[in-house]
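Residue numbers (the working numbering): 1303 to 1578.
Notes for the one structure printed next.
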Ligand SMILES: NC(=O)c1ccc[n+]([C@@H]2O[C@H](COP(=O)([O-])OP(=O)(O)OC[C@H]3O[C@@H](n4cnc5c(N)ncnc54)[C@H](O)[C@@H]3O)[C@@H](O)[C@H]2O)c1
């Protein structure tokens, strides 16, 4: 149900690959809520994915950019401002990739060139995007910047590998730049720590089916899906959350506050009884 929460607002959405992407679901909701959008992804993702379909639905141009390239980010921000006729109001960083995870290289035998790539794509890109926006004074006062994170930044989850380190850096950037941008222009910067979700990036995580089953049993409200996450991002872009900044906001059905649930214990008891 649309409530015109983003009426008159403009924003850039990074990371819509296909209709499972959290960025895709968020773009659809932002469009429904009255926002004007620019969509962006890497040229490769544009070729492999379906972003042009989303562009048609949302009546939004797609401006390619590799989020690790300052040059391409400059071009994106300048072209977006031309498109909007000035500054914009919100931005979603929905970007993650680890070559170590992709190639099945474990954390204790990590490839350091890949590790640097993981950090650059999944965390430093957030800093680069914000720095380029600030240089161009591209975001309106009381604007909202959101990046998607995961609880592996705080807790160790088997198999999440170097992405856990990237998420810890990502969340720290939100605090460090949140102070600077908040102080200067009242722009808020937060991370949303989302439940495991079956997307293209999500399905690359080791043991994803088991993880989703585990967190579903552990969370009193159940896992949050991509549409739930989109709703939360809309709230964060809206004027209803103007004093929320420098936070890592759990959006996980309560998982992050749990130790053991009845449902998980029942499952564990069962396998314990069945064990030889
Ligand atoms: N799926 C989950 O379980 C889950 C849980 C918590 C947080 N997240 C986070 O949500 C975000 C979005 O992931 P998703 O699950 O929607 O998967 P997704 O695969 O749909 O999206 C990941 C996006 O990152 C983009 N990307 C990769 N390298 C890039 C680069 N160099 N420059 C610009 N874009 C690049 C990809 O093209 C893709 O569109 C990621 O930050 C991910 O870590 C996902």
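Beta carbons: idealized from backbone N, C-alpha and C, even for Gly.
- Counted as a single uninterrupted DSSP element, the beta strand (DSSP E) harbouring residue 1316 occupies residues 1312-1316.
- Bounds of the alpha helix (DSSP H) holding residue 1427 are 1427-1437.
- Contiguous beta strand (DSSP E) elements confined to the stretch 1327-1352 occur at 1338-1342, taking only those with 3 or more residues.
- One thing to note: residue 1412 has its Cβ within 8 Å of the Cβ of residue 1464.
- The secondary-structure analysis by DSSP pairs residue 1495 across a beta bridge with 1451, 1552.
- Each of 1426, 1453, 1490, 1389 was checked against the Cα of residue 1472, and the nearest Cα belongs to 1426.
- In this structure, the CA atom of residue 1440 is about 15 Å from the CA atom of residue 1374.
- Residue pairing by DSSP places residue 1394 opposite 1315, 1448 in a beta bridge.
- In terms of Cβ geometry, residue 1424 and residue 1400 form a close pair [threshold 8 Å].
- Note that the C-beta distance between residue 1537 and residue 1555 is not below 8 Å.
- Of the residues assessed, residue 1498 falls on the buried side of the cut-off, its CB having 16 or more other CB atoms within 10 angstroms.
- Here the alpha carbon of residue 1403 sits roughly 13 Å from the alpha carbon of residue 1502.
- From the listed residues 1356, 1332, 1494, 1416, the smallest Cα separation to residue 1470 is found for 1494.
- The beta carbon of residue 1396 sits closer than 8 Å to those of 1315, 1316, 1317, 1318, 1323, 1324, 1325, 1328, 1449, 1450, all from its chain and outside the five residues before and after it, given in chain order.
- Burial check for residue 1490: the Cβ neighbour count within 10 Å reaches 16 or more, so the residue is buried.
- Shortest Cα-Cα distance from residue 1458 to any of 1549, 1409, 1500 involves 1409.
- Check the Cα spacing between residue 1305 and each of 1363, 1524, 1334, 1321: the tightest is with 1334.
- Linking residue 1483 to residue 1349 through their CA atoms gives a straight-line distance of about 34 Å.
- CA-CA distance, residue 1576 to residue 1354, rounds to 50 Å.
- Non-local beta-carbon contacts of residue 1344 in its own chain, meaning distances under 6 Å to residues more than five positions away in sequence, involve 1368 in chain order.
- The bridge partners DSSP lists for residue 1441 are 1390.
- In the displayed model, residue 1507 falls within coil according to three-state DSSP, outside both helix and strand.
- Note that the C-beta distance between residue 1546 and residue 1492 is below 8 Å.
- Residue 1523 is classed as exposed because its beta carbon has fewer than 16 other beta carbons within 10 Å across all chains shown.
- Ranked by Cα distance from residue 1320, the options 1539, 1507, 1342 are led by 1342.
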